[in-house]
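Undergrad:
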Amino acid sequence: MQKFDLLILSVILLSASTVGAQPKARVFFDDNESMTASSVVTSKDGGFVISGQKAYNSLFLKTDSEGTILWKRQLKLSQTSTQSSFTELIPTSDSNYLFAGNFYDQVLEHDILLIAKVAESGDTIWTKGVNFGYNLTITSLKETPDKGFVICGYTSINIPPYNQQFVCKLSQMGNFVWGKLLTSLDSGEGNGIRPTQDNGFILAGFAQQNTPYYGYASLVKLDAEGNISWGRKLSCSTTTNLYAFDVEAIQDGFLVCMKMDAYNGDVILSKTDLLGNILWSKTYTGFYSGGISNNQQIRIHKLSDGNFIMVHSGEMRKIDPSGNTIWSRSPFMDAVDMAECTDKSMLIIGNGPLLGVKQPLHYLPHIGIIRADSAGENGYACLSDGFPQQSALSVSSKDTTFTAVDAGSFLSAPCTISEPTISSENGCVSFIGGLPEKEQQNDIDIYPNPSSGYISIRSNVNSELQLTEIIDSFGKTVFTSTEPGIISSSIELKSYSAGFYLLRIKFKSGTFARKFMVNK
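With my numbering, letter number 486 in the sequence shown gets 1788, and the count goes up by one each step, no holes.
(1) To the nearest angstrom, how far is the alpha carbon of I1600 from that of D1747?
(2) Sort Y1456, D1525, D1554 by Cα distance to V1547 and report the nearest one.
(3) Under the three-state reduction of DSSP, which class applies to G1710: helix, strand or coil?
(4) Taking the alpha carbon of G1578 as the reference point, which residue from V1549, S1606, H1603, K1604 has its own alpha carbon closest?
(5) Please return the same chain residues whose Cβ sits closer than 7 Å to the Cβ of S1312, not counting the five positions on each side in sequence.
(6) If you draw a straight line from the alpha carbon of T1540 to that of T1770, how long is it in whole angstroms?
(7) Any idea what DSSP makes of G1670, helix, strand or coil?
(8) Below 7 Å CB to CB, which residues in the same chain sit around G1354 once its five sequence neighbours on both sides are set aside?
(9) If you draw a straight line from the C-alpha of A1323 to the C-alpha of I1352, how long is it?
(10) Whether or not the stretch 1694-1706 and the stretch 1472-1480 are in contact is what I'm after, with contact meaning three or more pairs of Cβ atoms, one per stretch, closer than 8 Å; do they touch?
(11) Roughly how many angstroms lie between the CA atoms of F1405 and W1373, to the nearest whole one?
(12) Where does I1789 fall in DSSP's three states?
(13) Among residues of its own chain, excluding the 5 on either side of N1609, which ones have a beta-carbon nearer than 8 Å to its beta-carbon?
(14) Specify the secondary structure class of M1819 as computed by DSSP and reduced to three states.
(15) Are the stretch 1481-1496 and the stretch 1512-1522 touching, with three or more C-beta to C-beta distances below 8 Å?
(16) Going by DSSP in three states, T1813 sits in which element: helix, strand or coil?
(17) Taking just the CA atoms, how far does N1398 sit from I1427?
(18) By alpha-carbon positions, which one of Q1467, L1536, Y1436 ends up nearest to N1460?
(19) Going by CA-CA distance only, name the one from E1368, S1572, L1472 that's closest to R1692.
(20) Quick one: is T1587 buried, meaning 16 or more other Cβ sit within 10 Å of its Cβ, or exposed?
(21) Just to confirm the assignment, what range does the beta strand (DSSP E) spanning L1524 have?
(22) Count the other C-beta atoms from every protein chain shown that fall within 10 angstroms of the C-beta of M1560, then say buried if there are 16 or more, exposed otherwise.
(23) Roughly how many angstroms separate the alpha carbons of R1760 and L1544, rounded to a whole number?
(24) For T1485 versus P1514, is the C-beta distance shorter than 8 Å?
(25) Does the distance from the CB of Q1385 to the CB of S1720 come in under 8 Å?
(26) At the level of alpha carbons, what is the spacing between S1380 and T1718?
(27) Out of V1731, E1785, D1366, which has the shortest C-alpha to C-alpha gap to T1344?
(28) Going by C-alpha to C-alpha distance, which of L1713, I1773, S1714, V1763 sits closest to P1690?
(29) Could you check how far apart the C-beta atoms of V1329 and L1536 are, in whole angstroms? I think they sit under 8 Å.
(30) Does the beta-carbon of N1529 have 16 or more other beta-carbons within 10 angstroms, so that it is buried, or is it exposed?
(31) Can you give, in chain order, each stretch of the beta strand (DSSP E) that sits fully within the stretch 1450-1531 and has at least 3 residues?
(32) Have a look at the DSSP bridge pairing and note the partners of K1444.
(33) Could you name the residues that DSSP lists as bridge partners for V1697?
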């Protein structure tokens, strides 16, 4: 499937194949059908279970510790459904797995929430549906103290309020208990949910005000029945957009993962008390990977040593409980999730291909997995040093009113299970050409990428350019310029070592970042 002779650094290739006896990076693919991964958990026997989509149908598979596929399943709904996808996955307390996603019902003409319970053997125990009456996106799934489940996401319609946050509570058997649609300001998204110590829930998301426009990160506390206890809107003076993508409930408050822009690589982490008041906030230099799967989500996981890992498109960062960076790594893929193993090593999953410019698209979307030790290292097998820079940031939290209405109803979801065709090989996901330069819609583009001599920058940002920086993988700034003309000129790279770099451009309207590779 994949040839890396022109575009991938030889050091990455050699170490990706094997480090010792165990492969450190593998790719799952089908040359005839696209597939993507969305979530991963460890299995009791040391393997991994992965959720996703293949050819517009829900996909789940299990591998051993070395990434060899043990079983693979594709779930197809009844004839009234044209497509489905699993976006969330958790292990359950009864040693099974729960998958959540959605499917499109042609009769109802909108999406249905899909839940499936699967045994360790890969056999499907049951499938259930919940109808909220609108198209919807599922973003988070957690088990609750009563061994039931809570799911959040957002509905979508083409009239006001456009998007609404939703929360759904299910019993241990997947039966519908209650559902809520939440509204604040003009529109909103629910992106991350966690059970809290008082048997309630904390919901992180996005609330949009249309006139004048402003996008707030939102934090909503719910009781055990889904009733609203309080609501907060979080904002930052340096941006008109703040998106909350995930939240972690800790003993004395909450950790909220945010971005200033959905496609900007910089991540913001705020700690609040149990009432949503900000205690501290930090911002971390990062990047958007430029993957074809267009992943925006951030996930935060608590590790066995009491620290945390944040995973998003272009980066995996380990932090301590105070938000200080322990290490940062850059996976060579559009990273979507990670799982910690019993020996404290980890598996990172994501999708390819990654996009460059000025070349035709060669490969269909495919899945990548990367093994690393507890320090996030594996001999540079599709994994490089990230950008450890961080700084303090001022984020404010204010009370805001949320309304909740009952919503949702049970819907049967009969399905058929088949075994899909999936091939695998050692190595990284593809780094290929994408759209011609004139068709690129990103805020900034770098070309050629990878490069061995120079790079040029193209920008769609209609704002005053204030600063251009290039940062190496050790966090050192190796180039800086305040010249506006840098956009129309070239930057010399001949003195740069091979590896990953971050281009960061600060405009008056905001800061944008893009990763590129120097290949020698």
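For each residue, glycine too, the CB sits at the ideal point set by N, CA and C.
Everything numeric in this text was worked out from a predicted model, so none of it was measured.
TA: Result, derived from the coordinates:
(1) Reading the sequence shown from its first residue, position 298 is the one you call residue 1600. Reading the sequence shown from its first residue, position 445 is the one you call residue 1747. Their backbone Cα atoms lie some 23 Å apart in a straight line.
(2) Stepping through the sequence shown from its first residue, residue 1547 is reached at position 245. Inspection of the sequence shows that residue 1547 is occupied by Phe rather than by Val. Ranking Y1456, D1525, D1554 by Cα distance to F1547 puts Y1456 first.
(3) Position 408 of the sequence shown, counted from the first residue, corresponds to residue 1710. DSSP places G1710 in coil when its eight states are reduced to three.
(4) Locating residue 1578 in the sequence shown gives position 276, where the first residue counts as 1. Check the Cα spacing between G1578 and each of V1549, S1606, H1603, K1604: the tightest is with V1549.
(5) Sequence index remark: in the sequence shown, residue 1312 carries index 10 (1-based). For S1312, the pLDDT reaches just 36, beneath the cut-off of 50, and the residue's location in the model is therefore unreliable, leaving the point undetermined.
(6) One-based indexing of the sequence shown puts residue 1540 at position 238. One-based indexing of the sequence shown puts residue 1770 at position 468. If I take the Cα positions, the gap works out to 18 Å.
(7) Counted from its first residue, the sequence shown places residue 1670 at position 368. It is a strand residue.
(8) To locate residue 1354, count along the sequence shown from 1; it is residue 52. Within its own chain, the residues whose Cβ lies closer than 7 Å to the Cβ of G1354, once the five positions on either side in sequence are excluded, are M1337, T1338, A1339, S1340, L1361, F1388, I1669, listed in chain order.
(9) Here the question's residue 1323 lines up with position 21 in the sequence shown. Here the question's residue 1352 lines up with position 50 in the sequence shown. Low confidence applies to A1323: its pLDDT is 47, below 50, so where it sits in the model is not reliable enough to give any reading.
(10) Contact fails: fewer than three Cβ-Cβ distances are below 8 Å.
(11) Residue numbering aside, residue 1405 sits at position 103 when the sequence shown is read from its first letter. Residue numbering aside, residue 1373 sits at position 71 when the sequence shown is read from its first letter. Rounded to the nearest angstrom, the gap between the Cα atoms of F1405 and W1373 is 23 Å.
(12) Here the question's residue 1789 lines up with position 487 in the sequence shown. In the structure shown, I1789 sits in a helix (DSSP, three-state: H, G or I).
(13) Here residue 1609 corresponds to residue number 307 of the sequence shown, with the count starting at 1. Only K1620, I1621, D1622, P1623, I1628 meet the Cβ criterion.
(14) Looking up residue 1819 in the sequence shown gives position 517. Three-state result, M1819: strand.
(15) With the rule of 3 Cβ pairs closer than 8 Å, the stretch 1481-1496 counts as touching the stretch 1512-1522.
(16) Stepping through the sequence shown from its first residue, residue 1813 is reached at position 511. T1813 falls in the strand class under three-state DSSP.
(17) Translated into positions along the sequence shown, residue 1427 becomes position 125. Translated into positions along the sequence shown, residue 1398 becomes position 96. Cα to Cα, I1427 sits roughly 9 Å from N1398.
(18) One-based indexing of the sequence shown puts residue 1460 at position 158. With distances taken between CA atoms, N1460 lies nearest to Y1436 out of Q1467, L1536, Y1436.
(19) Taking the sequence shown and counting its residues from 1, one reaches residue 1692 at position 390. The amino acid occupying residue 1692 in the given sequence is Gln; Arg does not appear at that position. The shortest C-alpha separation from Q1692 is found at S1572.
(20) Position 285 of the sequence shown, counted from the start, is the residue given in the question as residue 1587. Burial of T1587 is indicated by the presence of at least 16 other C-beta atoms within 10 angstroms of its C-beta.
(21) Translated into positions along the sequence shown, residue 1524 becomes position 222. Counting along the chain, the beta strand (DSSP E) containing L1524 begins and ends at 1516-1524.
(22) Taking the sequence shown and counting its residues from 1, one reaches residue 1560 at position 258. Within 10 angstroms of the beta-carbon of M1560 lie 16 or more other beta-carbons, which makes it buried.
(23) On the sequence shown, position 458 is the one that residue 1760 refers to. On the sequence shown, position 242 is the one that residue 1544 refers to. Roughly 25 Å separates the two Cα atoms.
(24) If you number the sequence shown from 1, residue 1485 lands on position 183. If you number the sequence shown from 1, residue 1514 lands on position 212. In this structure, T1485 keeps its C-beta atom at 8 Å or more from the C-beta atom of P1514.
(25) Against the sequence shown, residue 1385 aligns to sequence position 83. Against the sequence shown, residue 1720 aligns to sequence position 418. Cβ atoms of Q1385 and S1720: not closer than 8 Å.
(26) Your numbering for residue 1380 matches position 78 in the sequence shown. Your numbering for residue 1718 matches position 416 in the sequence shown. Whole-angstrom Cα-Cα distance: 8 Å.
(27) By 1-based counting over the sequence shown, the position of residue 1344 is 42. Closest by alpha carbon: D1366.
(28) As a working note, residue 1690 is residue 388 in the sequence shown. Per the C-alpha coordinates, the member of L1713, I1773, S1714, V1763 positioned closest to P1690 is I1773.
(29) The sequence position of residue 1329 within the sequence shown is 27, counting from 1. The sequence position of residue 1536 within the sequence shown is 234, counting from 1. Not really, about 38 Å apart at Cβ, beyond 8 Å.
(30) As a working mapping, residue 1529 is identified with position 227 in the sequence shown. So N1529 counts as exposed.
(31) Correct list: 1451-1458, 1465-1472, 1478-1485, 1489-1497, 1503-1511, 1516-1524.
(32) Here residue 1444 corresponds to residue number 142 of the sequence shown, with the count starting at 1. Its beta-bridge partners are V1452.
(33) As a working note, residue 1697 is residue 395 in the sequence shown. DSSP, once it has assigned bridges, lists C1538 as partnering V1697.
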